[in-house]
Amino acid sequence: MHRLFVAIRPPEDIRTRLLSLMGGIAGARWQDDDQLHLTLRFIGDADRHHANDLAEALSSLRFSPFSLSLAGLGQFDRKGRTHILWAGVQPHDALQHLHRKIDRVCVAAGFPAEERAYLPHITLARFGRSGGDTDGFITHHAGLSSAPFTVDEFALFESHLTQSGAHYEIAATYPATSAPL
1 MHRLFVAIRP PEDIRTRLLS LMGGIAGARW QDDDQLHLTL RFIGDADRHH ANDLAEALSS
61 LRFSPFSLSL AGLGQFDRKG RTHILWAGVQ PHDALQHLHR KIDRVCVAAG FPAEERAYLP
121 HITLARFGRS GGDTDGFITH HAGLSSAPFT VDEFALFESH LTQSGAHYEI AATYPATSAP
181 L
């Protein structure tokens, strides 16, 4: 089985900026450079046949390049505790549009429709039950921003779960076209 997701890999200067923020929170499992991405659609487990069908179907998707910027920090909580610390991006319109297009391709390829609300973000850290307090970190870095960067491709990733964490491998990349969003 292949564990798949579709994502945007931020450019190196954006990843370097995010990596420079990391540290100072007890219990945080910080992402490394290879793990920094902006998920467009989580797919989950797929056999080789369905994975290949999806990879081919995604190649038919058309989108125009667009710009994003880093925009603040936030967190997702689970059972009253911080579960994920993330960096936001903006604007959301082009991302939302691309997410919907990818979701339609996934459904047409036989995968269930995405039911969760889509909130574009780049995960910085994950926390277990002993996660530390993120309030000071979020307050200190609340003004996180960046110059705009161009999104001119997305990728199909395969996630390999290991004892030391997830390892992501790009299975295929899909460049932007000149077609309008």
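Numbering (full-length UniProt numbering), first residue to last: 1 to 181.
In this text, a Cβ means the ideal position worked out from N, Cα and C, and glycines have one as well.
Contacts around residue i, its chain only, beta-carbon distance under 6 Å, and the 5 residues preceding and following it disregarded
{"i": "residue 22", "result": "30"}
{"i": "residue 179", "result": "The pLDDT assigned to residue 179 is 49, lower than 50, so where the model puts this residue is not dependable; a value taken from the coordinates is nonetheless given after this. If we look at residue 179 and ignore the five residues flanking it on each side, its Cβ neighbours are 62."}
{"i": "residue 166", "result": "159"}
{"i": "residue 45", "result": "1, 3"}
Same chain, Cβ closer than 8 Å to residue i, five either side skipped, listed in chain order
{"i": "residue 141", "result": "21, 73"}
{"i": "residue 157", "result": "4, 5, 6, 7, 37, 168, 169, 170, 171"}
{"i": "residue 143", "result": "72"}
{"i": "residue 77", "result": "83"}
{"i": "residue 108", "result": "57"}
{"i": "residue 181", "result": "Interpretation of residue 181 is limited by its pLDDT of 44, a score under 50 that renders its predicted location unreliable; no figure is taken from the coordinates."}
{"i": "residue 138", "result": "73, 74, 75, 85"}
{"i": "residue 177", "result": "62, 63, 64"}
{"i": "residue 47", "result": "1, 2"}
Beta-bridge partners of residue i, as assigned by DSSP
{"i": "residue 175", "result": "153"}
{"i": "residue 87", "result": "73, 122"}
{"i": "residue 161", "result": "166"}
{"i": "residue 66", "result": "151"}
{"i": "residue 8", "result": "38"}
{"i": "residue 82", "result": "77"}
{"i": "residue 2", "result": "46"}
{"i": "residue 145", "result": "71"}
{"i": "residue 100", "result": "BP columns for residue 100 are empty, so no partner."}
{"i": "residue 117", "result": "According to DSSP, residue 117 bridges with nothing at all."}
Per-residue burial, residue i [other beta carbons within 10 Å of its own, 16 or more giving buried]
{"i": "residue 10", "result": "buried"}
{"i": "residue 116", "result": "exposed"}
{"i": "residue 49", "result": "exposed"}
{"i": "residue 173", "result": "exposed"}
{"i": "residue 15", "result": "buried"}
{"i": "residue 163", "result": "exposed"}
{"i": "residue 161", "result": "exposed"}
When the options are compared against residue i, the one with the closest alpha-carbon
{"i": "residue 70", "options": "52, 98, 149, 132", "result": "149"}
{"i": "residue 124", "options": "106, 133, 87", "result": "87"}
{"i": "residue 133", "options": "24, 95, 176", "result": "24"}
{"i": "residue 154", "options": "175, 161, 138", "result": "175"}
{"i": "residue 34", "options": "19, 163, 47, 41", "result": "19"}
{"i": "residue 59", "options": "105, 28, 161, 43", "result": "105"}
{"i": "residue 42", "options": "32, 2, 12", "result": "2"}
{"i": "residue 89", "options": "44, 45, 118", "result": "118"}
Supposed contact pair residue j and residue i - C-beta distance, whole angstroms, cut 8 Å
{"i": "residue 54", "j": "residue 101", "result": "About 14 Å; that fails the 8 Å criterion."}
{"i": "residue 146", "j": "residue 17", "result": "6 Å"}
Nonlocal neighbours in the same chain, by C-beta distance under 7 Å from residue i, ignoring five residues either side
{"i": "residue 39", "result": "5, 7"}
{"i": "residue 26", "result": "132"}
{"i": "residue 113", "result": "103, 107"}
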